[in-house]
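Colleague: Here it is: the structure, laid out below.
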Amino acid sequence: MKPAHLISAAFQALENAHAPYSGYQVGAALLCEDGTVFSGCNVENASYGLTNCAERTALFSAIAAGYRNFTAIAISASKEPAPFPCGACRQVMAEFCAPDFPVYIAEGPGFKTATLGELLPHSFNLGDSNA
Ligand code: THU
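For the sequence shown, numbering that gives the first Met the number 0 begins at 0 and goes up steadily by one.
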């Protein structure tokens, strides 16, 4: 699947966002190795800290469905600029995705690309701390 198609899926996903507090709707589309796409949106809460980001919603949906191998993720937002993933989402991605995992971020009619390794160098994992 082309990155542009994954970006479109991310824009569709943000339609389901629950973002009454920030007014900032975020969508994510996660491409699995077999071509399956899992969508996610941000889900806010009156207790603000309980908010779940779009990226983690997509990842957790995929994991709960039994998927483990991911090819790319696309992120969109209801307002420019679409976000780079927050630190928590980067760490969750690092649990399942390699440093060369591409992250596509909607920008105007196109998108920009970063790798997970660029976004989260030296990510924490137990292998490192046990060494
Ligand atoms: N948000 C995401 O869903 N993904 C990001 O990468 C950044 C932030 C959401 C969380 C919250 O609902 C809103 O954007 C404002 O922070």
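The beta-carbon is built from N, C-alpha and C at its ideal position, and this holds for glycine as well.
This structure is a prediction, so every number in the text was calculated from the model and none was measured.
1) Where does the unbroken alpha helix (DSSP H) through Glu79 begin, and where does it stop?
2) How would the residue list near the ligand THU read, in chain order, if you kept each one whose beta-carbon is closer than 7 angstroms to any heavy atom?
3) Report yes or no: do three or more beta-carbon pairs, one from the stretch 59-76 and one from the stretch 1-8, lie closer than 8 angstroms?
4) Can you check which of these residues, Pro108, Gly26, Cys85 and Phe83, is closest to Ala9 by C-alpha distance?
5) Between which two residues does the beta strand (DSSP E) carrying Gly109 extend?
6) So which of Glu32, Tyr20 and Ser60 has the shortest CA-CA distance to Met49?
7) For Arg55, count neighbouring Cβ atoms within 10 angstroms of its own Cβ and tell me buried if that reaches 16, exposed if not.
8) Select from Ala45, Cys96 and Ser46 the residue whose C-alpha is nearest the C-alpha of Ile62.
9) Note down the Cα distance separating Leu119 from Thr112, rounded to an integer number of angstroms.
10) Around the Cβ of Tyr47, are there at least 16 other Cβ atoms within 10 angstroms (buried) or fewer (exposed)?
11) In terms of alpha-carbon separation, which member of Gln90, Glu94, Glu79 and His17 lies closest to Gly109?
12) For Pro101 and Cys40, what's the separation of their Cα atoms in angstroms?
Modeller: The answer reads as follows:
1) By one-based count along the sequence shown, residue 79 stands at place 80. Unbroken run through Glu79: none, as it is neither H nor E.
2) Ala18, Ser21, Tyr23, Val25, Asn41, Glu43, Thr50, Cys52, Ala53, Glu54, Ile74, Pro82, Phe83, Pro84, Cys85 and Cys88
3) yes
4) Within the sequence shown, the letter at position 10 stands for residue 9. Checked all of Pro108, Gly26, Cys85 and Phe83; the closest Cα to Ala9 is Gly26.
5) Taking the sequence shown and counting its residues from 1, one reaches residue 109 at position 110. Here the beta strand (DSSP E) through Gly109 covers Gly109 to Thr114.
6) If you number the sequence shown from 1, residue 49 lands on position 50. For clarity, residue 49 is Leu in the given sequence; the question names Met instead. Nearest option by C-alpha distance: Tyr20.
7) Here the question's residue 55 lines up with position 56 in the sequence shown. Classification of Arg55: buried, given that the 10 Å Cβ count is 16 or more.
8) Translated into positions along the sequence shown, residue 62 becomes position 63. Nearest option by C-alpha distance: Cys96.
9) By one-based count along the sequence shown, residue 119 stands at place 120. By one-based count along the sequence shown, residue 112 stands at place 113. Leu119 and Thr112: Cα-Cα distance of roughly 14 angstroms.
10) Here residue 47 refers to the residue found at position 48 when the sequence shown is read from its first residue. When all chains shown are included, Tyr47 counts as exposed.
11) Walking along the sequence shown from the start, residue 109 turns up at place 110. Nearest C-alpha to Gly109: Glu79.
12) As a first step, residue 101 must be located in the sequence shown, where it is residue number 102. As a first step, residue 40 must be located in the sequence shown, where it is residue number 41. Spanning the two alpha carbons is a distance of roughly 19 angstroms.
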